[in-house]
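*Asks:* In our numbering, the protein residues as written are 22 to 259. Just so you know, even glycine gets a beta-carbon here, dropped at the ideal spot from N, CA and C. These figures come from a predicted structure and were not determined experimentally. Got a structure here, written out as structure tokens. Questions coming.
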Ligand SMILES: NC(=O)c1ccc[n+]([C@@H]2O[C@H](COP(=O)([O-])OP(=O)(O)OC[C@H]3O[C@@H](n4cnc5c(N)ncnc54)[C@H](O)[C@@H]3O)[C@@H](O)[C@H]2O)c1
């Protein structure tokens, strides 16, 4: 039995990732504040309550590692968005975005690489196309998601000798609660965005989950340190 930890695997993109790993027979350890949309009657879903704002605490990984007898993969998916220009971002909001999107992920990567040293494993970090290009009025988010790519490359280099790969996925515009909440404030923007996506459509959570599972799995055994856009070609521009 293979085991994966997915932060924020209880809803949105994370829930689709939970389902993708379940479909492939893995046991999924979901780390989140609430069970959210998880079906806890499924015995291969293990819910672990944790608030990632408490970013210095990665002891949940030790517990899950001990319970499962090893963790084949870690998906750092949890994240928060902030739709504000740089001059509007309050210091506490900047802290929140960096704490959850970057610092909690940073320490989780480090702890996972210690726990799995010599046993092998795979980390997938969820960045964004905001990690590859600037997005309007999203300075804190873009800063955080760009840092995720730097972190991913650093871990990929350092942890390779421990048999651990680390890659990032950069979703574009995907239909989820988060995207809908952001675009609800500016409905005309959705049409404009679709016009700029080469495939002319928003992606689905399943599109992202397929990429995450691929990078976590042995099918990607020689892929290390990439930031893979899953965006219908948006970030290449045209
Ligand atoms: N939806 C998109 O179009 C899109 C695009 C690019 C990147 N992303 C990224 O994908 C990831 C998932 O986004 P989503 O769209 O599913 O968002 P969402 O708001 O639906 O889910 C966010 C997830 O993060 C978890 N989370 C947030 N704060 C937490 C905390 N303090 N402690 C524990 N868990 C916490 C939540 O439980 C939830 O599962 C995020 O990293 C996001 O930045 C999303």
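Ordered along the chain, which non-local residues of its own chain (more than five positions away) have a Cβ less than 7 Å from that of residue 56?
*Replies:* 31, 68
*Asks:* Would residue 139 be called buried (16 or more neighbouring beta carbons within 10 Å of its own) or exposed?
*Replies:* Residue 139 is exposed by the Cβ-count criterion.
*Asks:* Going by DSSP in three states, residue 48 sits in which element: helix, strand or coil?
*Replies:* strand
*Asks:* Any idea what DSSP makes of residue 86, helix, strand or coil?
*Replies:* helix
*Asks:* On the criterion of 16 or more Cβ atoms from any shown chain inside 10 Å, does residue 337 qualify as buried, or is it exposed?
*Replies:* Outside the modelled stretch of the chain, which goes from 22 to 259, sits residue 337, for which no answer is possible.
*Asks:* Assuming residue 232 and residue 154 are in contact, meaning their beta carbons sit under 8 Å apart, how far apart are those beta carbons, in whole angstroms?
*Replies:* About 18 Å; that fails the 8 Å criterion.
*Asks:* Apply the 10 Å Cβ neighbour rule to residue 45 and answer buried if 16 or more other Cβ atoms are within range, or exposed otherwise.
*Replies:* exposed
*Asks:* Figure out for me which residue from 61, 28, 219, 200 has the closest Cα to the Cα of residue 127.
*Replies:* Measuring from the Cα of residue 127, the nearest candidate turns out to be 28.
*Asks:* Measure the C-alpha to C-alpha separation of residue 99 and residue 65 and round it to an integer number of angstroms.
*Replies:* Cα atoms of residue 99 and residue 65: separation of roughly 20 Å, rounded to the nearest angstrom.
*Asks:* What residues in its chain sit with their C-beta under 7 Å from that of residue 181, if we drop five residues either side in the sequence?
*Replies:* Short of 7 Å from the beta carbon of residue 181, and not among the five residues preceding or following it, lie these beta carbons of its own chain, in chain order: 245.
*Asks:* Give me, in chain order, the residues of the same chain whose beta-carbon lies closer than 6 Å to that of residue 173; leave out the 5 immediate sequence neighbours on both sides.
*Replies:* 146, 187, 189
*Asks:* From what residue to what residue does the beta strand (DSSP E) around residue 195 run?
*Replies:* Segment: none, residue 195 is in no beta strand (DSSP E) and carries neither H nor E.
*Asks:* Would you call the CB atoms of residue 161 and residue 110 closer than 8 Å?
*Replies:* yes
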